[in-house]
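Shown next, in structure tokens, is the structure this report addresses.
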Amino acid sequence: MRRKTRSNLILFKKRSINRKRNRKLRLVNSHENEYTQKNTGKYLMHKVFNFLCFVSVIAGIIYYITNEDFLWINIGVTEEEALTITHDVVKTQTQLILQDLGVGDDGISSKIIIHNTYPDNGYAGLFYGDYVIANGVKSYVQKSGVIDIYPMVYFMRRDKDGNLVSIPSNQRPNKDGFREGMNQVLAHELRHYWQHQTGVFYKHPYDTSIPHDERWAEKDANDYMERYYKSLQHKK
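Just so you know, we're using our numbering here: the sequence shown kicks off at 1179 and counts up by one.
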């Protein structure tokens, strides 16, 4: 009799769920997310910082470009502007300076000549007037005074060979600086007028053997020029 045989069963082993491995995966993923979030925050902070730096640089450039006190980027006064400013200074300041000096106007205000050429002596202003001698005493001839003003000294200069050369625009004063300069030139020359009107000029010999700026008349005019300039500054 044939014996019945039972075919061998093929059993599949049930795979156990590796909970420990899954836990490790979850931990790794959480760490990666945290790292990504931190990196994202730092990235945004860097972007904001870089943007603020960029804005600061642009603001600085705009400030320096528009600030006339910085000569290396400043475009100096033009010849046309200089002549306009000089005429305005003469028109608005002459009578004020005469009042400050305490002398009358013998017509000097109408004989202030503004030139658009460079002076031979290189000075921005010049006063001259006639005098008479009576009993050995010199006195100023009324209405003989003339003042010449040369704004072009701010635009040209002589080189070492004595040739006239242009001054670069970025080395000229700006409009405010030029106006201040013309105020000082006018005050200086009107002080010379005062010296002649009062006769004090003739009490101090004008010795040409003494350097120009060391002569009494020039030192006195410079001192007054500075005082008047400071008075204008206080009024601002």
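For glycine and all other residues, C-beta sits at the position ideal for the given N, C-alpha and C. Treat the numbers as computed from the prediction; the structure is a model and nothing was measured.
Neighbour-count burial assignment, residue i, 16 or more Cβ in a 10 Å radius
i: LEU1342; result: exposed
i: LEU1187; result: Residue confidence is low: LEU1187 scores 42 on pLDDT, short of 50, so the model does not pin down where it sits. Its coordinate-derived value is still stated next. The residue in question, LEU1187, is exposed, as its Cβ has fewer than 16 Cβ neighbours within 10 Å.
i: ALA1312; result: exposed
i: GLN1411; result: exposed
i: TYR1306; result: exposed
i: VAL1363; result: buried
i: ARG1290; result: Just to set this straight, residue 1290 is Ile in the shown sequence, not Arg. Buried, by the Cβ-count rule.
i: GLU1367; result: buried
i: ARG1350; result: buried
i: TYR1332; result: buried
i: ASP1339; result: exposed
i: LYS1413; result: exposed
Nearest neighbour of residue i, chosen from the options [CA to CA]
i: ASP1326; options: ASP1284, GLU1392, ASN1299 and GLY1254; result: ASN1299
i: ASP1266; options: MET1403, PRO1329, TYR1406 and TYR1384; result: PRO1329
i: GLN1320; options: PRO1383, ASP1283, LYS1353 and ASP1391; result: ASP1283
i: GLN1271; options: SER1287, GLU1258, ALA1260 and THR1262; result: SER1287
i: SER1344; options: GLU1367, TYR1296, GLU1259 and VAL1268; result: TYR1296
i: ARG1405; options: GLU1358, PRO1389 and GLY1285; result: GLU1358
i: ALA1302; options: LEU1261, ILE1253, GLN1349 and TRP1394; result: LEU1261
i: SER1324; options: LEU1304, ASP1339, ARG1336 and GLY1314; result: According to the sequence displayed, residue 1324 carries Val and not Ser. Residue LEU1304 is the option with its Cα nearest to VAL1324.
i: ASN1294; options: MET1334, LYS1338, GLY1340 and GLY1314; result: MET1334
i: VAL1315; options: GLY1355, LYS1338, HIS1382 and PRO1389; result: HIS1382
i: GLY1355; options: GLN1273, TYR1407, LYS1413 and LYS1269; result: TYR1407
Cβ-Cβ distance between residue i and residue j below 7 Å
i: THR1256; j: MET1360; result: no
i: SER1347; j: GLY1285; result: no
Whole-number beta carbon distance between residue j and residue i, since they are thought to touch under 8 Å
i: ILE1275; j: ALA1365; result: 5 Å
i: ASP1308; j: SER1322; result: 4 Å
i: GLU1258; j: LYS1353; result: Their Cβ separation, rounded to whole angstroms, is 11 Å, which puts GLU1258 and LYS1353 out of contact at 8 Å.
i: TYR1402; j: ARG1393; result: About 15 Å separates the two Cβ atoms, so there is no contact after all.
Any non-hydrogen atom of the ligand COA closer than 6 Å to residue i Cβ
i: GLU1257; result: You won't find the ligand COA in this model; it holds no ligand whatsoever.
Test: residue i CB closer than 7 Å to a CB of chain B
i: PHE1356; result: The question asks about chain B, but that chain is absent: this structure has only one protein chain.
Using 8 Å as the threshold, is the stretch 1367-1380 in touch with the stretch 1393-1403, meaning 3 or more CB pairs across them?
-> yes
Report yes or no: do the stretch 1276-1283 and the stretch 1362-1372 share at least 3 C-beta pairs separated by less than 8 Å?
-> yes
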